[in-house]
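One structure is given below, encoded as structure tokens.
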Amino acid sequence: MKSIGDDFTLSGLSVGEELDKAAKIRARIWDKTKIISHTDLKKYEDEGWTKTKSSRKLKKGSVKIIKYKEPWKLFEDEIWSIFYKLGFSELNKESPSFKIPRYNTGITKQIDIFAREDNTIFVIECKSSLEQKSSSKDASIRRTISEIADMRQHINESIYMHYKNMGITDKFTVIWVLALKNISLSDADRILLNESGIKLIDTDLMQYYQRLADDFRSSAKYMFLGDFLQGKEIHGLIGAPVPAIKGEMGGQIFYSFLIEPEKLLKISYLAHRGKTNDETIKTYQRVAKRSRLNKIAKYIQEKPGGIFPTSIVINLDAESKSFKFEPFQGTKNENAIMGHLYLPNKYHSAWIIDGQHRLYAYSDLPEASTATLPVIAFVNLKPEYQTKLFVDINGEQKSVPKNQLLSLYATLNRESPYPKQRLQSMYSTIALMLNDQDTSVFYHRIDDGTSNGSKPITMNNITEVLSETKLIGSVPTSKAGQKNITYGPLYWENYEKTCDHVSKVICEYYRFMQSNGLQDQWDLEGRDGGFLNTNTGIRSTLKLLGYLIKELQRFEGNVSYREAKKLIQDLDKYLQPLISYLQTSSPAKLNDLRTRSGKGGISECVNEFIFIINKQIPSFYPEEAKKYAETQLTPNIELNAKTIEICSRLTDSAREYVVQSLEEKYGDDISEWWGKGVPNTIRQDVAKIAQKEGDYSQNYQKHMTLTHLHGIVLENWNLFENSFTVMSKITDKPETRVKWIKRLDSIQNKYQNSGKINEEDAKYVEDAFAEFQENISDGE
Numbered sequence: 012m013k014s015i016g017d018d019f020t021l022s023g024l025s026v027g028e029e030l031d032k033a034a035k036i037r038a039r040i041w042d043k044t045k046i047i048s049h050t051d052l053k054k055y056e057d058e059g060w061t062k063t064k065s066s067r068k069l070k071k072g073s074v075k076i077i078k079y080k081e082p083w084k085l086f087e088d089e090i091w092s093i094f095y096k097l098g099f100s101e102l103n104k105e106s107p108s109f110k111i112p113r114y115n116t117g118i119t120k121q122i123d124i125f126a127r128e129d130n131t132i133f134v135i136e137c138k139s140s141l142e143q144k145s146s147s148k149d150a151s152i153r154r155t156i157s158e159i160a161d162m163r164q165h166i167n168e169s170i171y172m173h174y175k176n177m178g179i180t181d182k183f184t185v186i187w188v189l190a191l192k193n194i195s196l197s198d199a200d201r202i203l204l205n206e207s208g209i210k211l212i213d214t215d216l217m218q219y220y221q222r223l224a225d226d227f228r229s230s231a232k233y234m235f236l237g238d239f240l241q242g243k244e245i246h247g248l249i250g251a252p253v254p255a256i257k258g259e260m261g262g263q264i265f266y267s268f269l270i271e272p273e274k275l276l277k278i279s280y281l282a283h284r285g286k287t288n289d290e291t292i293k294t295y296q297r298v299a300k301r302s303r304l305n306k307i308a309k310y311i312q313e314k315p316g317g318i319f320p321t322s323i324v325i326n327l328d329a330e331s332k333s334f335k336f337e338p339f340q341g342t343k344n345e346n347a348i349m350g351h352l353y354l355p356n357k358y359h360s361a362w363i364i365d366g367q368h369r370l371y372a373y374s375d376l377p378e379a380s381t382a383t384l385p386v387i388a389f390v391n392l393k394p395e396y397q398t399k400l401f402v403d404i405n406g407e408q409k410s411v412p413k414n415q416l417l418s419l420y421a422t423l424n425r426e427s428p429y430p431k432q433r434l435q436s437m438y439s440t441i442a443l444m445l446n447d448q449d450t451s452v453f454y455h456r457i458d459d460g461t462s463n464g465s466k467p468i469t470m471n472n473i474t475e476v477l478s479e480t481k482l483i484g485s486v487p488t489s490k491a492g493q494k495n496i497t498y499g500p501l502y503w504e505n506y507e508k509t510c511d512h513v514s515k516v517i518c519e520y521y522r523f524m525q526s527n528g529l530q531d532q533w534d535l536e537g538r539d540g541g542f543l544n545t546n547t548g549i550r551s552t553l554k555l556l557g558y559l560i561k562e563l564q565r566f567e568g569n570v571s572y573r574e575a576k577k578l579i580q581d582l583d584k585y586l587q588p589l590i591s592y593l594q595t596s597s598p599a600k601l602n603d604l605r606t607r608s609g610k611g612g613i614s615e616c617v618n619e620f621i622f623i624i625n626k627q628i629p630s631f632y633p634e635e636a637k638k639y640a641e642t643q644l645t646p647n648i649e650l651n652a653k654t655i656e657i658c659s660r661l662t663d664s665a666r667e668y669v670v671q672s673l674e675e676k677y678g679d680d681i682s683e684w685w686g687k688g689v690p691n692t693i694r695q696d697v698a699k700i701a702q703k704e705g706d707y708s709q710n711y712q713k714h715m716t717l718t719h720l721h722g723i724v725l726e727n728w729n730l731f732e733n734s735f736t737v738m739s740k741i742t743d744k745p746e747t748r749v750k751w752i753k754r755l756d757s758i759q760n761k762y763q764n765s766g767k768i769n770e771e772d773a774k775y776v777e778d779a780f781a782e783f784q785e786n787i788s789d790g791e
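This is the structure:
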């Protein structure tokens, strides 16, 4: 095979309008389209074609058909489209046909994606799978990594030759990337990838960059490049220095200056947690709301004279060679020195501590080059101090969720002089690892404060139960001035190894239960008949795990360095009674377990599980469970009867009040208040109950349960919002204000046939009844 000539250039690259046309094709989910006779439709459907609607009128007897892209093609197009949306100016037009010959050999290599922006070029190899799998079960992944490592330098030389012959003599940086979908790298393949200098974009990172491009538009390009060019000086990135004032605040050097948004956008970033294949690349994205960015952008455009009175707060990386401050001649003020500030010519050199919405709203606006923003810039703050500053500024604001602050504590408290805070850092780190690692049973299932409440398990529940179990360690309060942590049975040598070990133990624990018959229940999550995979289920079973590991250690000695899988297997005899109990429990029982909340509810679940295990293993009876049995589970028939009686009175009172209110609004005829004021699903359910009991009198009122009343009240919220706001604030959302009804219904079902009343529940019923009666009395 002859080598490439000195006049070699690449073919198949597109820019400008041609690139825009290619983007439209890449955005389609179908590959081919045809107009055919309806009589041929079956033949084409057998070949994988699908009938679809046509935007234009077709001849009689004709139909339009499309052939959807293959999954591998869709994935390539998704990755390609990210680079297009980020604003890369040159990409390959098509994938399978785009090839680059090796310099000096002429042997060609098919390239999935080629993307260039200025002097940076990305060459991407894409691999995907329909189902999640490990690269250890797919030898082609390792072959691909080795192949890239062997040929990349020759391909790079061909790329340099192409641009040299195009008259572009600048020095290029070529970054090779392996993009994977539904394929997790084994430890061995990850090491090989890192040693080969190849970057990784996995499914998580792909989704992250898609969101980045959608939310931050062209500015996202700089954050993206910063991820892959960490620490690299980019000549001329910022340009001229800015006039600034140097001062000191709280023992920290800072600079105050004005700057055009487009300049600051080039070096700024929000990333602060998470990892790709490169341990130095941080990819945690703080929440930036698209709606708020749009609102501020609109303000900027509609009010040219409008101002932002508060400063953007940033932390500058002063390790850059280009960073320096030159005082003006004659400046002698000790408290404030004026001069020229040369900002770093590096992506990711300015972390936005506060003011991200004000800055990123300028993305793609012409005002980005003409407006100026006030900035307070600290220099070389330690990560934990940066995070502390963010918490201090934002921690009291309602916009920062508790779960997000907990995720920040992973960094903030890691080097804390206070042992309790160092433990808190470990708890937060473990919760983040459980959520972020694609091998975890909690992968993408833990709310770290950035998911808008869409994930079923909260970070708060994970961190609190880790603290309660003391499996990692504790700080004894009995010793005055205690400075050290007393380590627990799951502590492994140091911070990193402990977090890794504990996350593996937790995953193996739930995998064991899944594989022993609880997979279906796990998949139900919080739906009817589900329990294990809910906040209450996870918190109670993790607390139980703490007791079980301590019990194992009591009989077998130190278990600190036992591998995760072996440790859980050694708990088999304890776990089987629990698994059997959860397998055979009715949906109603599981729903009852799931709705137990608060520390009291969790303790009930845990102790119930302990008693189940104790029946088969009498030696397993923790002291805490004994105390619980003595104080909480001693039969109290009188208190139980009183609680049920109050529940009954409250139900009757609520029924009467609801029906009377509906009659006053809609009319007292059954077709009026019942037909107009009660949702159809509730009417059907109540009618079924009445018929089942042989009541055909249409006296529906007496068959309405608290659950029915809950739905009717929400459906007619304007009518009931004042009277049914109980155990909550008037400013809460409606669902929160009537949450008490569901809890009372749960308590009523729970104790109907039991003499073992929980005093916390009894008090809740009494307080709710008193407040409701007061509400409806005030309304009369």
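The working numbering puts the first residue of the sequence shown at 12, with every later residue one more than the last. Even for Gly, the Cβ is constructed at its ideal location relative to N, Cα and C.
Classify residue i as buried or exposed, calling it buried when 16 or more other Cβ atoms lie within 10 Å of its own Cβ.
| i | result |
| --- | --- |
| K96 | buried |
| Y711 | buried |
| R113 | buried |
| W728 | exposed |
| D778 | exposed |
| N446 | buried |
| A575 | buried |
| Q397 | buried |
| Y310 | exposed |
| L189 | buried |
Can you tell me whether DSSP reads residue i as helix, strand or coil?
| i | result |
| --- | --- |
| G350 | strand |
| K110 | strand |
| L593 | helix |
| E101 | strand |
| A652 | helix |
| D149 | coil |
| T736 | coil |
| A779 | helix |
| M715 | coil |
| F523 | helix |
Do residue j and residue i count as a contact pair if the criterion is CB distance below 8 angstroms?
| i | j | result |
| --- | --- | --- |
| I387 | V452 | no |
| G540 | L601 | yes |
| R220 | L304 | Note that residue 220 is Tyr in the sequence shown here, rather than Arg. Their beta carbons are not under 8 angstroms apart, which means Y220 does not touch L304 by this criterion. |
| T547 | R607 | yes |
| L196 | S139 | no |
| R433 | I496 | yes |
| H721 | V697 | no |
| H49 | S66 | no |
| S374 | F227 | yes |
| Y592 | I623 | yes |
| I111 | I186 | no |
| L555 | F631 | no |
Thinking just about the alpha-carbon of each residue, which of the options is nearest to the one in residue i?
| i | options | result |
| --- | --- | --- |
| A160 | E29, I560, K43 and K210 | K210 |
| K70 | L482, I47 and I76 | I47 |
| P254 | I270, G557, Q759 and E244 | I270 |
| I590 | L543, E770 and S514 | L543 |
| K192 | K144, L717 and D403 | K144 |
| N130 | I179, I124 and I118 | I179 |
| R127 | I93, I156 and E142 | I93 |
| E28 | K104, W41, K54 and S436 | K104 |
| D31 | E56, T20 and G98 | G98 |
| K515 | Y454, G537 and E56 | Y454 |
| A34 | E87, S571, E56 and S672 | E87 |
| L755 | T654, I118, D149 and S614 | T654 |
Is it true that the segment 195-213 meets the segment 75-84, where meeting means three or more beta-carbon pairs spaced less than 8 angstroms apart?
With a cut-off of 8 angstroms, the segment 75-84 and the segment 195-213 do not count as touching, because too few Cβ pairs lie within range.
Taking 8 angstroms as the threshold, find out whether the segment 224-237 comes into contact with the segment 354-362 through three or more Cβ pairs.
Three or more pairs of CB atoms, one per stretch, sit closer than 8 angstroms, so the segment 224-237 contacts the segment 354-362.
Does the segment 738-749 come close enough to the segment 672-685 that 3 or more CB-CB pairs lie under 8 angstroms?
Of all C-beta pairs linking the segment 672-685 to the segment 738-749, fewer than three are shorter than 8 angstroms, placing the two stretches out of contact.
The segment 61-69 touching the segment 22-33, judged by at least three CB pairs closer than 8 angstroms:
Using a Cβ-Cβ distance cut-off of 8 angstroms, the segment 61-69 and the segment 22-33 are not in contact, since fewer than three pairs of beta carbons, one from each stretch, lie closer than that value.
So does the segment 270-282 actually touch the segment 236-256, counting three or more Cβ pairs closer than 8 angstroms?
Taking 8 angstroms as the limit for Cβ pairs, the verdict is that the segment 236-256 does touch the segment 270-282.
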